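> One structure is given below, represented as structure tokens, and several questions about it will come after.
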């Protein structure tokens, strides 16, 4: 029981923060990709 409680107190908040950070980073990557695609899409019309 104590081991599980320690996990809730210490590890899970850190994991949650990492997930939030990863989500933020992925949104930035998506914005970059979309912007880059829009900038070069006129070079290669299909």
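Numbering (our numbering), first residue to last: 2 to 47. We put the CB at the ideal spot given by N, CA and C, even for glycine. Just so we're clear, the structure is a prediction, and the values are computed from it rather than from any experiment.
Hey, quick one: how far does the alpha helix (DSSP H) through residue 20 stretch, first residue to last?
Residues 13–41.
> For residue 35, which residues from the same chain have a beta carbon less than 7 Å from its beta carbon, with the 5 sequence-adjacent residues on both sides left out?
Answer for residue 35: no residue qualifies.
> Taking the alpha helix (DSSP H) that residue 3 belongs to, which residues open and close that run?
That run of the alpha helix (DSSP H) goes 3–7.
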